[in-house]
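Just so it is clear: in the sequence shown, position 49 is 48 by numbering that gives the first Met the number 0, and no numbers are missing. These notes are about the structure you will find just below.
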Amino acid sequence: MQHNRGALVTGLVLGAGLMYLMDPDRGRRRRALARGKMTRAARKSTDALGATGRDLAHRSSGLAAKAKQAFSSEEVDDNVLVERVRAQLGRHVSHPRALDVQVSNGAVILRGPILASEVSGLIAAVEKIRGVDSVTSELQSHESAENIPSLQGGTAPPSAWGNLLPTRWSPTTRLLTGTAATLAALVAARNATALNH
């Protein structure tokens, strides 16, 4: 009985779809729209697969480079270290251009005006950068940006919660999440089917 009901519903859906597409008045337009949507979806899928492949390749080479560097004791050039620190500033402070970074033999000196709420996060992040031996803070901490020209305007650093939004996920993260969700749905469907029999 259950099987017959499923076949009936499937037949009704297929019949309604064929009537919709084969309508003598509007069928040609509907078929053209459906064809265009399928072509667009195929193109977007191809683009997404290409982006995911490139992302996986880049992440793999990055992991290999990190593994290689973890086992080497090569010293990092001061200019390279300055650029690494500067790259982290925008992630932890709202006014990265107000800060000055100096490096000498792995010792980092941070100078300039900064909001008090951002000091500890910045220092902790700089201490974690590969090649940094020590961090000296000569930062001028301020409770608010009032009357400090270099702290006017600026943009808030991205929050950790902002990275949880799917729009900011890398193609690899989207692929892995989608695969996991699909597998979970298939397992749930199989378990539900097993319970019904």
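C-beta atoms are modelled at their ideal positions from N, C-alpha and C, and glycine is treated no differently. Computed from a predicted structure; not experimentally measured.
In the three-state DSSP reduction, G52 falls in the helix class (H, G or I). In the displayed model, V12 falls within a helix according to three-state DSSP. Per DSSP, the unbroken beta strand (DSSP E) holding A106 starts and ends at A106 to L114.
In this structure A144 is in contact with L150, their Cβ atoms being roughly 4 Å apart against a cut-off of 8 Å. Membership of L121 in the alpha helix (DSSP H) is indicated by the continuous run V118 to E126. When the beta-carbon positions are compared, V100 and R85 come within less than 9 Å of each other. Classified as exposed, L194 has fewer than 16 neighbouring CB atoms from the shown chains inside 10 Å of its CB. Secondary structure at Q101: strand, using DSSP grouped into helix, strand and coil. L55 is positioned such that its CB atom lies no closer than 9 Å to that of P148.
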